[in-house]
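So for the sequence shown, numbering that gives the first Met the number 0 puts the first residue at 0; every next one is plus one.
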Amino acid sequence: MSLLSRLRHFYRRHYWYLVSLVLFVTFRLLALILLRPGGFIADNSDYEFYYAWGFTIPMGYTPFVDMWAVYPPLFPALMLPLFELSSRIPPWVEPRLFFHLLFGLELLAFEIGNYLLIYRLALRLEQPGPAAAGTGPAGVSAPGALRSALFYALLFVPAYTLLGWFEAMPTFFLLLGLDLLLSTRNGGWAASAIAAALGFLTKLTPVILVPVAVRWLGARLNLAAARREWFRRRVPGNLLRPAIYVLLFVGTVIAVGLPLAHFNPELALSSLRINAIRPPWQSVWALWDGYYGFGLVPIDVRNLKGFAAGDQWETRLPWPLITLVFSLLYLWLYTRRYDWSKIRTPIAFTGVSLI
Numbered sequence: 000m001s002l003l004s005r006l007r008h009f010y011r012r013h014y015w016y017l018v019s020l021v022l023f024v025t026f027r028l029l030a031l032i033l034l035r036p037g038g039f040i041a042d043n044s045d046y047e048f049y050y051a052w053g054f055t056i057p058m059g060y061t062p063f064v065d066m067w068a069v070y071p072p073l074f075p076a077l078m079l080p081l082f083e084l085s086s087r088i089p090p091w092v093e094p095r096l097f098f099h100l101l102f103g104l105e106l107l108a109f110e111i112g113n114y115l116l117i118y119r120l121a122l123r124l125e126q127p128g129p130a131a132a133g134t135g136p137a138g139v140s141a142p143g144a145l146r147s148a149l150f151y152a153l154l155f156v157p158a159y160t161l162l163g164w165f166e167a168m169p170t171f172f173l174l175l176g177l178d179l180l181l182s183t184r185n186g187g188w189a190a191s192a193i194a195a196a197l198g199f200l201t202k203l204t205p206v207i208l209v210p211v212a213v214r215w216l217g218a219r220l221n222l223a224a225a226r227r228e229w230f231r232r233r234v235p236g237n238l239l240r241p242a243i244y245v246l247l248f249v250g251t252v253i254a255v256g257l258p259l260a261h262f263n264p265e266l267a268l269s270s271l272r273i274n275a276i277r278p279p280w281q282s283v284w285a286l287w288d289g290y291y292g293f294g295l296v297p298i299d300v301r302n303l304k305g306f307a308a309g310d311q312w313e314t315r316l317p318w319p320l321i322t323l324v325f326s327l328l329y330l331w332l333y334t335r336r337y338d339w340s341k342i343r344t345p346i347a348f349t350g351v352s353l354i
């Protein structure tokens, strides 16, 4: 079959999804240009924080050299060059326009990737196995996959989040890592570890893919498997591939993250440490802790001494106990006898882990 014939076949089978993709992109592009999140309630967007962060660069500050960062190092590496580019464009009446537009377009690219990956993962659920990336009858997109994509496209929160926050970026790497993990192609699971690590370097959330991969790659968590399978290379339940996955994840985080953090491990870990010195926000924990504001960072990012001192928020909650309870709950869920040979299991467990 020629390339042109394959393209025609693909177009016919995925016609309605492609129509929805055009509408998806058009809606979000126009929203980025014309809408400002918060309405008449407040100017509610983290773009303002990113914009203010960009102004520290011409002031002589460099992330992870003489200032710490709320986010892991790959995020500022992808965001700050766009601020510099936008500052070279003659300003509009509203000076924030070009940064918001350029950074929004970058996030839109990730959001388009999310829409494609949701469709692909739904296709895998409809046809598990080697033909997982296929579709239904000729001329019709797989109905379940199309419904999943349309459901995401019609949700308000993802579209609104795109206008004010960068969640599309780590979500893309998480979904990409999951899709590669489920791929039947040689080396797909290894590429999944790299994708998850890159996501971890934008926001910590994609790390949840690591335990999912360990189970999907064959590791069974019981005493019998520990005695008979874990350390026997020719047995399907051995730990070779799970161990390589973990090593690839950690190695990618170090190999990519450390140079981006200018080989400053103390400041490279700032995104991990900051959560210990800031109050919980917009959650039941914030209500119980008596905090009713937004996600406040209590120290100026240029204040290295204040960051090193820590202990900025006096919590009333027993966080060690809360962490222990949720860790035990996760461990209990993780060790249940789910059928990890079914493609639905890693997808569902990834969703549960996010919740």
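For glycine and all other residues, C-beta sits at the position ideal for the given N, C-alpha and C. This one's a predicted model, so the numbers in the text were calculated from it and none came from an experiment.
Label residue i either buried or exposed according to how many other C-beta atoms from any shown protein chain fall within 10 Å of its C-beta, with 16 as the threshold for buried.
i: Glu93; result: exposed
i: Val323; result: First, the residue type needs correcting, since residue 323 is Leu and not Val in the sequence shown. Its Cβ having fewer than 16 others within 10 Å, Leu323 is exposed.
i: His13; result: buried
i: Ser85; result: buried
i: Tyr10; result: exposed
i: Met58; result: exposed
i: Ala212; result: buried
i: Pro235; result: exposed
i: Ile346; result: buried
i: Gly292; result: exposed
i: Gly128; result: Confidence at Gly128 is low in this model, with a pLDDT of 46, below 50, so its placement is unreliable and the value that follows should be read with caution. With fewer than 16 other Cβ atoms within 10 Å, it is exposed.
i: Pro319; result: exposed
i: Phe54; result: exposed
On a Cα-Cα basis, can you pick out the residue from the options that is closest to residue i?
i: Val209; options: Trp164, Pro279, Thr349, Gly143; result: Thr349
i: Arg123; options: Pro72, Gly236, Leu145; result: Leu145
i: Ala267; options: Ala41, Leu257, Tyr46; result: Leu257
i: Ala167; options: Ala192, Asp42, Gly103, Arg7; result: Gly103
i: Met66; options: Ser269, Leu328, Arg343, Leu22; result: Ser269
i: Pro71; options: Met0, His99, Thr204, Asp178; result: Thr204
i: Trp215; options: Ser182, Leu197, Arg233; result: Ser182
i: Val351; options: Leu79, Leu161, Ile207; result: Ile207
i: Pro142; options: Gly163, Phe155, Leu220, Arg119; result: Arg119
May I have the straight-line CA-CA distance separating residue i from residue j, to the nearest angstrom?
i: Arg301; j: Tyr60; result: 8 Å
i: Ser326; j: Val64; result: 34 Å
i: Pro169; j: Lys202; result: 6 Å
i: Trp52; j: Ile32; result: 22 Å
i: Gly187; j: Asp288; result: 44 Å
i: Ile273; j: Val255; result: 21 Å
i: Ile354; j: Trp15; result: 31 Å
i: Ala46; j: Gly250; result: Reading the sequence as shown, one finds Tyr at residue 46 and not Ala. Each residue's alpha carbon lies about 31 Å from the other.
i: Gly112; j: Phe171; result: 6 Å
i: Ala285; j: Thr314; result: 10 Å
i: Phe39; j: Leu161; result: 19 Å
i: Pro279; j: Leu17; result: 41 Å
i: Arg87; j: Arg184; result: 44 Å
i: Phe82; j: Tyr50; result: 7 Å
i: Phe165; j: Ile253; result: 23 Å
Quiz item: Hey, which unbroken runs of the alpha helix (DSSP H) at 4 residues or more fall wholly within the segment 6-67?
Solution: 14-33, 46-54
Quiz prompt | alpha helix (DSSP H) runs contained entirely in the segment 240-288, provided each spans 4 or more residues | solution = 264-267, 269-272, 283-288
Quiz item: Does the segment 103-120 touch the segment 331-340, meaning 3 or more C-beta pairs lie closer than 8 Å?
Solution: no
Quiz prompt | Contiguous alpha helix (DSSP H) assignments of at least 4 residues, all confined to the segment 152-224 | solution = 155-161, 167-181, 187-199, 208-215
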